[in-house]
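Numbering (the numbering used here), first residue to last: 37 to 83.
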């Protein structure tokens, strides 16, 4: 199973699988995390 990594410099969680990067971007304020954008390559879509 692929590992999800918090890339705090880019404000996103990342998952690399089958050579593709999927990411979800977040904003953190007052201990509340808000997910603002998700990028999934077509090769990984629908999973």
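Even for Gly, the Cβ is constructed at its ideal location relative to N, Cα and C.
Item                                                                                                 : Value
Are residue 59 and residue 80 closer than 7 Å when you measure CB to CB?                             : no
Cα-Cα, which of 74, 73 and 47 is closest to residue 64?                                              : 47
Which value, in whole angstroms, describes the spacing of the CA atoms of residue 68 and residue 62? : 10 Å
Rounded to whole angstroms, what is the Cα-Cα separation between residue 77 and residue 66?          : 31 Å
Classify residue 39 as helix, strand or coil using the three-state DSSP reduction.                   : coil
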